[in-house]
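Student:
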Amino acid sequence: MDHRPQAWGRPRDDVYGAYDASYLRSTGPKTATQAPVVTGTSVIAIKFKDGVVMAADNLASYGSLARFTDVKRLRPFLGTSVVGFGGDVSDMQFLDRHLNELAIDEAYEHETTASVSGPAPPGQLNAANLHKYLSKLMYRRRSDFDPLWNQILVAGFDSDKKPFLASVDLRGTAFTSPSLATGFGAMLAQPIMRRYAATEEDAARLSREEAVKVVKECMKVLFYRDARSLDRYSIAVVTKDGVELNEDEQLESQSWAFAERIRGYGTQTV
Amino acid sequence: MFRNNYDNDSVTFSPQGRIFQVEYAAEAVKQGSVVVGIASKTHAVLVAIKRNAEELSSYQKKLFPIDEHVGIAIAGLTSDARVLSNFMKQQCLGHRLTYGRNMPVRTLVEMIGSKAQVNTQHYGKRPYGVGLLVAGVDEQGPHLFEFQPSGMTEEMVAFAIGARSQMARTYLEKNIDKFADCDREELIRHGLRALKESLVQDRELTVDNTSVGVSGVVKADDGSTKVEPFRVYDGQEVTAWIESVADDKEGGAGATEGESMEVDS
């Protein structure tokens, strides 16, 4: 037996031939993330009269494998904004740590800052500031050819104290809209949300209850039709009073009756 | 000739626990002409006396805009102030680019504070020979900060630095309770009166030697607040203000009498 630990667990040379160590290459040019590995699927969000609702399920997939089912992909920032992450989970965790540092620095600058929730102290980084910062960060990383493989939604309030919702992706593309969705949600949930908030004016008429209902409805549609999704999800409501985040929401009143009528997949022959 | 062994660099303490180079830098501030700053609930103003090196030359600027919402007044070495001013401008611009907002004034002042303190702790460096008054507005309202070459920074209600600034400070101390509720024009007049206090006997405020800088928050009709950008007023623009404080009986002396009577009643 070979007693060197490095050799343990390796295919035996006499059976499989010499071990191909080329992928362990330690020289040559640096290679950055070329594809996401463990991923989160859609994040959806919609503005309403006095805030924003955002939701994302609690699943982190490893390819098509539902690998982790308790991953929190919505993150409050300073108790006044919410950031939702789609895409690579390790990059999300990097950004989460980075935002933690930013929040601590910011809290030191404004020592009156309430640590949990409540109205934002004046001058503290708001959602619009945070989104601008994240868009610069994402663009910087893509320019270094080392992108953070995420699409991010930022919800909260802008400097005019109006509800704010914006997106930024791994290329640094940034935009705002009364409703936003990442990944599969952009195809499946966005059209539904647009029925309720096509314009800023529509969104400004939407009540909180309506907005939450629309988002829950969209999460259900996503669970039905997106194969990388889960029926446990997180939902956050941002208002002037702070962030209400529920990280253990269960999809209610599902009905799979429609599945009976689906033809063209699976084992049936007709 | 007497020679002090402890003032060759800014890293050696004297046996009395002093760092002479830093103290000398503070002296440089006192050589500069006087600048006054006051902050109210709505505005922050800077006023300054400009000097001309000789009759035939122009007057050296004392007030500089840094960003939309901040300006500085300098007393001491102008060339050192230029370095700090450029640094502050860059930081404000960088902050605006990354966060899309005006840099909080305190953050900005603490940055130059740290920058200046480093110079007092490394061999071969020297402190900046300039003091600043930094006036600006941010989300938390108007602010006035003092900056010293030692790296010390402090928020002030009102302050004066530069030659004979003690006289101006005395005026400010006497009137400190009034500043908070002053409107824009009153605040500028208080600044100019403080400035007059520190003038030497036969000199007076003229359109040539007086600078005024103002920034503030203005209430819009819909109740929201807007920033009045920092702006420097020079020359003819300050005529009205100078005339409005010229009537005061012998400057502060008359005003002070009025003050004490008000306080008593």
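Which chain is which? The protein sequence lines are A and B, in order. In terms of the UniProt record's numbering, the first sequence opens at residue 1 and continues consecutively. In terms of the UniProt record's numbering, the second sequence opens at residue 1 and continues consecutively. Ideal placement from N, C-alpha and C gives every residue a C-beta, glycine not left out.
1) Can you check whether the C-beta of A103 of chain A is within less than 8 Å of a C-beta belonging to chain B?
2) Taking the straight line between their C-alpha atoms, what separation do you get for A114 of chain A and N246 of chain A?
3) If you drop the 5 nearest sequence neighbours on each side, which residues of the same chain put their C-beta closer than 7 Å to that of R189 of chain B?
4) Just checking my contact of V38 of chain A with S61 of chain A at CB under 8 Å: how many whole Å lie between their CB atoms?
5) Against chain B, which members of the segment 116-145 of chain A pass a CB distance test of less than 9 Å?
6) At which residue ranges does the segment 175-217 of chain B contain complete alpha helix (DSSP H) runs of 4 or more residues, listed in the order of the chain?
7) Can you grab the Cα-Cα spacing for the pair Q91 of chain B / G185 of chain A, in whole Å?
8) Examine chain A for any beta-carbon lying closer than 8 Å to the beta-carbon of R51 of chain B, and answer yes or no.
9) First and last residue of the alpha helix (DSSP H) that includes K132 of chain A?
10) So what does Y24 of chain B bridge to, in DSSP terms?
11) Please determine, among B:K50, B:R193, B:E55, B:G191, the residue with the shortest C-alpha to C-alpha distance to L63 of chain B.
12) Could you pull the DSSP bridge partners for Q12 of chain B from this structure?
13) Could you tell me whether the Cβ of E243 of chain B comes closer than 8 Å to any Cβ of chain A?
14) Out of B:N119, B:Q121, B:E154, point me to the one whose CA is closest to T107 of chain B's CA.
15) E155 of chain B CB to nearest chain A CB: under 8 Å?
16) Can you grab the Cα-Cα spacing for the pair E217 of chain A / L134 of chain A, in whole Å?
17) Against E109 of chain A, what residues of chain B qualify as contacts under a CB-to-CB distance less than 8 Å, listed in chain order?
18) Note down, in chain order, each residue of its chain lying with its Cβ closer than 7 Å to the Cβ of Q21 of chain B, except the 5 sequence neighbours on either side.
19) At a cut-off of 7 Å, would you count E243 of chain B as near the ligand HEM, judging by its Cβ distance to the nearest heavy atom?
20) Output yes or no for whether 8 Å exceeds the beta carbon distance between P149 of chain B and G136 of chain B.
21) Could you have a look at S115 of chain A and say whether DSSP puts it in helix, strand or coil?
22) Does DSSP put F184 of chain A in a helix, in a strand, or in coil?
23) Is there a Cβ of chain A sitting closer than 8 Å to that of D138 of chain B, yes or no?
24) Out of A:Y108, A:H110, A:F77, point me to the one whose CA is closest to R97 of chain A's CA.
25) Excluding five sequence neighbours on each side, which residues of the same chain lie with their C-beta closer than 7 Å to the C-beta of D208 of chain B?
26) Report buried or exposed for M1 of chain A, applying the criterion of at least 16 other Cβ atoms within 10 angstroms of its Cβ.
27) Where in the segment 20-85 of chain B do unbroken runs of the beta strand (DSSP E), each at least 3 residues long, occur, reported from the N-terminal end onward?
28) Is any beta-carbon of chain A found at less than 8 Å from that of G17 of chain B?
29) Are the Cβ atoms of N102 of chain B and H143 of chain B separated by less than 8 Å?
30) Run the CB neighbour count on H95 of chain B, radius 10 Å, all protein chains shown included, and call it buried at 16 or more, exposed below.
31) Does any CB atom of chain B fall closer than 8 Å to the CB of S159 of chain A?
32) Can you tell me which of the three DSSP states Q236 of chain B falls into?
33) From this set, B:A163, B:V47, B:Q16, B:R3, which residue's C-alpha is nearest E185 of chain B's C-alpha?
34) Applying a beta-carbon distance threshold of less than 7 Å, which residues of chain A neighbour R101 of chain B?
Tutor: Looking at the coordinates:
1) no
2) At A114 of chain A, the pLDDT of 49 sits below 50, so the modelled position is not reliable; the number obtained from the coordinates is stated separately. Taking the straight line from one Cα to the other gives about 20 Å.
3) W241, S244, V245
4) 7 Å
5) P121, P122, G123, Q124, L125, N126, A128, N129, L130, H131, K132, Y133, K136, L137
6) 184-197
7) 39 Å
8) no
9) 127-143
10) DSSP lists no partner for Y24 of chain B.
11) B:K50
12) It should be noted that the sequence gives Thr, not Gln, for residue 12 of chain B. Looking at the DSSP assignment, T12 of chain B forms no beta bridge with any residue, so it has no partner.
13) no
14) B:E154
15) no
16) 29 Å
17) P104, R106, T107
18) D7, D9, S10, R126, P127
19) With respect to the ligand HEM, the structure offers nothing, as it holds no ligand at all.
20) no
21) Unreliable positioning characterises S115 of chain A in this predicted model, as indicated by a pLDDT of 49, which lies under 50. A coordinate reading is not provided.
22) coil
23) yes
24) A:F77
25) Y59
26) exposed
27) 35-39, 43-49, 63-67, 70-76
28) no
29) no
30) buried
31) yes
32) helix
33) B:V47
34) N129, S159
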